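Numbering (my numbering), first residue to last: 392 to 1437. For each residue, glycine too, the CB sits at the ideal point set by N, CA and C. Source: prediction; values computed, not measured.
Pasting the structure below:
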């Protein structure tokens, strides 16, 4: 990069923009070639985090940071049109929508919905009891409704009423205040990866930045502002060192000498060629005063005297602290993540990818004041290889002597689209291009017109005559660069992948496994690396930190914590051990029987693994049957039919044929097939999903898959775990809380209460048209709260709000029909328990802080409407809790050598809860590490209460949440997040297997009693823009009633 300092408005060279069609070194299709070398590579400087990938464990979350949706793991709460209202003391009545009774005031459309109660719910249950003297009336919530002056128009027959957009204002309420701190448990000290940040005593100013022509790359934008500061810092900028966000905002510690100023900056393409040939680009930059960032309001907020966090002040501090690593050449910045090949050895991940280590940083307002959250991270980068070598690694085969198949070409195209390459056939002139596609023809078949007269020349001939370069691999396709309308052709062998490019697409299982191994760190090692990173960044010597007066401590925050006791678990009275107290988050099934064993009278086994012999399959089935019988299940020891081997590529045909054979035996006896055992190869590709889809959608049976390694190993632990899953799938219950049976759980067992879990999973990066999948599960037993039915629905691509919580549509025969996930699950609860829920606890997973208001306003409104549609004046008390795992807070033992304060993995003990210091200054939130670590550093779950009409105390909600984590059906360990949220994630993940090209008459898939709702109605889900989303196929009725997703 260079600049002409003598010009009136000098400029600097930088990374080039996206290539211009017809540049030198590229043969352009369907257009006469133009002089080469005019267009440089460029484009976006960073790959945004996208999508919420699969995988629930904290390790996968960390390893696949590149697959996260923007904002899902972020901490700075965005405004999103929603401001904080006036602060009220806990229990006080808000100004708007005030009501003194325990029933909540309703929006007009809710009152209208309650005028006529349906016949299937109201008459069968007693009315909701009012709060008694020992139970104070909860704060009455304001109407949560769409911003409409008039009600929605009456829909025509067959037309769906689309849920109205949520209101964009939250002035009428604020999130619940912290109801004091918890006291239950053993007190201890832990360390958090938060570092104290001293609030600057500066006058911060915000300026708008306008760059013409418009620049989409943050890299180029930063280069422009960097050159502007280099040239004019001492003159026009008055000696100020501004912090720039790479987009539209610039911040200074004090005012600039102007309110508006225009600058002209020149950049040159950095292509490595002679200066005379470098393309010059001129930009007009206008800097205009916008506002002052009020740090006084931030001080009031931190002190608990101001309701709303001043987002702009926090954003300024975040941007200032990001300037240091962003400006250093060693780091590749991506939002709040910074990666470098120098922070550890590059590890190959396979298929042309490698792992880079890095760190995350974000400023957080807490009870201690401002804290800087620092954490270690790792992600995948594309190896800077010649494209030919990259393709060979991607395909894992030799490509130097044969053309590519169509499948191979598609795989290469997906992997290389959007990747930046540089040409190598022009000496030092390393022009950069971004790949837009791959030609369908081989290089030797490609031609293009070279002049207006229509003269045709082949790509091979063009490169030979123009550059003296003989293309060797003429049987391979060419890379297409530039735009799709005027693409340029580049042979693969003249291209090399530019370094420092993060890989944002989906990783395969082997790559995920390799990246996990790289991210696993013992807690002691992770703590050491975090401290080393803080000292290495030298915030005290950073020019920007000094300019803005920010001081960062280099010591981890010491935090008070408590270790909650594990709950007693109840097992069947016929076992030798009737109850159990877990130790360090674990227990086993020895001498115990499931509290409620399921019944499996008829079952079959199909083997898809060629290397598993028939005798091995028979022995495995026999041992599994013995284990299930010993565990307390009513399980038939003999199969209906002998095990059958089937080819993996014929899964649908084999399963349907075997099911037909089994029903020929069972049908005359008026029996049904209860279970299918499937034995799969260890690397089974799509086989698992195909088996689940056929069983649950087509055949109506639950299934249990076993990998080959489980069959060969076949120890008691494996068999016991399989028995747990099977029992849950066939309607049994493995264990339950002793306190639930004896009704000693406040606000849950003292009145009928239903517990919901909800989650939305989004498509993997690169799947631009796939829908998002929403799932809601709800407890179906009370007071045990162990069984959960679930509903699943497809919705608009990357839509986080759950659209099908409550729906109304017009049916040609039945007229106006109410339905949706909440309504169906409430009816299901009533049928299962005979009770009408008087309390609702809603655990919502996967919501970032910037989405809190939007999600609460929309989904609480849907809950209200669903309840009102069931019975006039039916409004149970709601507690709405967000569960967050995609954050970067880690907790470490105060003394790693104290064996009484750590588990076997070196992590803090399960049950460790923190609700002070590093938590929100005033709101009701806490960190809970409810599980024992296995490998690496445990990630605590963060729970944030957004609505609480049940008036939970800190101890009550923390204890309930921790105890529920011991009721997870799939293992004998406490889990890291509350099971309802976990189950919702599993159900949403399972539903993605159901998506098929053919159409279906189902909008939702349900587990729970069959009902006349979205899952059986012939209509499509619609996104906010009105675009129809292909509905999911319907589950069979006998699958709906059980926890099929376990």
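Assigned with DSSP and collapsed to three states, residue 987 falls in strand. For the 8 Å CB-CB criterion, residue 1377 and residue 1247 do not form a contact.
Classified as buried, residue 873 has 16 or more neighbouring CB atoms from the shown chains inside 10 Å of its CB. Residue 1192 is classed as buried because its beta carbon has at least 16 other beta carbons within 10 Å across all chains shown. Residue 805 is not bridged by DSSP to any residue. Shown here, residue 739 sits in a strand according to DSSP, grouped into three states. Sorting 1117, 1033, 800 by C-alpha distance to the C-alpha of residue 1015 places 1117 at the top. For the beta strand (DSSP E) assignment, the uninterrupted runs of no fewer than 3 residues enclosed by the region 914-973 are, from N- to C-terminal side, 948-954. In the DSSP secondary-structure assignment, residue 1127 is bridged to 961. Going by beta carbons, residue 803 and residue 586 fall outside the 8 Å limit. Leaving aside the five residues that flank residue 707 on each side, the residues in its chain whose CB is nearer than 6 Å to its CB run, in chain order, 595, 642, 684.
Residue 750 and residue 936 have their alpha carbons spaced roughly 18 Å apart. Between residue 1301 and residue 1284, the C-beta gap is not smaller than 8 Å, which leaves the two residues out of contact. The beta carbon of residue 651 sits closer than 6 Å to the beta carbons of 679 from its chain, once the five residues preceding and following it are set aside; these are given in chain order.
Sixteen is the threshold: since fewer than 16 other Cβ atoms of the shown chains lie within 10 Å of the Cβ of residue 604, the residue is exposed.
The Cβ-Cβ distance between residue 647 and residue 632 does not fall below 8 Å. In the structure shown, residue 1426 adopts coil according to DSSP, grouped into three states.
Taking C-alpha positions only, residue 1121 is separated from residue 969 by approximately 22 Å. Your pair residue 1160 and residue 1187 does not check out as a contact, with CB atoms roughly 11 Å apart and the cut at 8 Å. Going by DSSP, residue 767 is part of no alpha helix (DSSP H) but of the beta strand (DSSP E) stretching over 760-773. With three or more CB-CB distances shorter than 8 Å, the region 765-783 counts as touching the region 724-739. Taking the Cα of residue 1226 as reference, the smallest distance to any Cα among 1240, 1172, 994 is reached at 1172. Here residue 650 carries a coil assignment [DSSP, helix/strand/coil]. CA-CA distance, residue 828 to residue 1435, rounds to 41 Å.
Under the DSSP assignment, residue 603 falls in the beta strand (DSSP E) whose first and last residues are 595-603.
If you compare the alpha carbons of 983, 858, 899, 911 with that of residue 885, the shortest gap goes to 858. DSSP, reduced to helix, strand and coil, places residue 1221 within a helical segment of the structure shown. Taking C-beta atoms under 8 Å as the contact rule, residue 1335 and residue 1314 qualify, at a distance of about 7 Å.
Residue 577 carries a strand assignment under DSSP once its states are collapsed to helix, strand and coil. Runs of the alpha helix (DSSP H) lying entirely within the region 773-838, each at least 4 residues long, are 778-786, 797-807 in chain order. Between residue 915 and residue 1327 the beta-carbon gap is near 12 Å, outside 8 Å, which marks them as no contact. Within the DSSP bridge table, the entry for residue 1198 names 1210 as partners.
Rounded to the nearest angstrom, the Cβ distance from residue 1217 to residue 1145 is 7 Å, consistent with a contact under 8 Å. Between residue 1243 and residue 799, the alpha-carbon positions lie close to 44 Å from each other. Short of 6 Å from the beta carbon of residue 742, and not among the five residues preceding or following it, lie these beta carbons of its own chain, in chain order: 784, 785. The count of Cβ pairs closer than 8 Å, one atom from the region 1268-1283 and one from the region 878-897, stays below three, leaving the stretches out of contact.
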